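Residue numbers (this note's numbering): 904 to 1081. Glycine residues also receive a C-beta, built at the ideal position from the N, C-alpha and C atoms. Values in this document were obtained by computation on a predicted structure and should not be read as measured data.
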């Protein structure tokens, strides 16, 4: 079942584009967030995902070689509708996902937990998520850790955006002086 679009989808996509992050090379900082999420949640797969108009793209990934999936299959397309961690203890038992190709076929997702990546302006760009091949849940401590890490992912995105903006401003100044 395809997720409905957020009410602010147009503004959310515009905010996502401001970060200039889609289709960029892996970066250690984001890879580290996924790795720590995997450890904290004891999950074999962890991802930093960004959801655009047609897909969910993985800025960082642990436990998979896949770099993106179509938005219509994305658990994260549902998670960006919420401001809290979305937990799916058993995808086969959840009407939203029971017939999802990622559940019925490879990678056979059974458990999903995704903490939304909420910008300072309130737009949800994607998630820091973990998945497993068996049904399960998060402890309160794991959920809190995932939320805390998701805020750090956004802080890293903000630093990246600010650096790019400063670089553009500096280039504009240098060109004006010539």
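Span of the beta strand (DSSP E), counted from its first residue to its last, around residue i
| i | result |
| --- | --- |
| residue 991 | 989 to 991 |
| residue 971 | 971 to 973 |
Bridge partner(s) assigned by DSSP for residue i
| i | result |
| --- | --- |
| residue 1035 | 1014 |
| residue 954 | 959 |
| residue 949 | 965, 1033 |
| residue 1019 | 1030 |
Local conformation of residue i per DSSP, three classes
| i | result |
| --- | --- |
| residue 937 | helix |
| residue 1041 | coil |
| residue 1028 | strand |
| residue 1061 | helix |
| residue 999 | coil |
Terminal residues of the alpha helix (DSSP H) in which residue i lies
| i | result |
| --- | --- |
| residue 1007 | 1004 to 1007 |
| residue 921 | 912 to 921 |
| residue 982 | 978 to 982 |
Sub-8 Å separation of residue i and residue j beta-carbons
| i | j | result |
| --- | --- | --- |
| residue 1045 | residue 943 | yes |
| residue 988 | residue 1017 | yes |
| residue 965 | residue 949 | yes |
| residue 1030 | residue 979 | yes |
Alpha-carbon spacing of residue i relative to residue j, whole angstroms
| i | j | result |
| --- | --- | --- |
| residue 1023 | residue 995 | 35 Å |
| residue 984 | residue 935 | 25 Å |
| residue 1052 | residue 963 | 13 Å |
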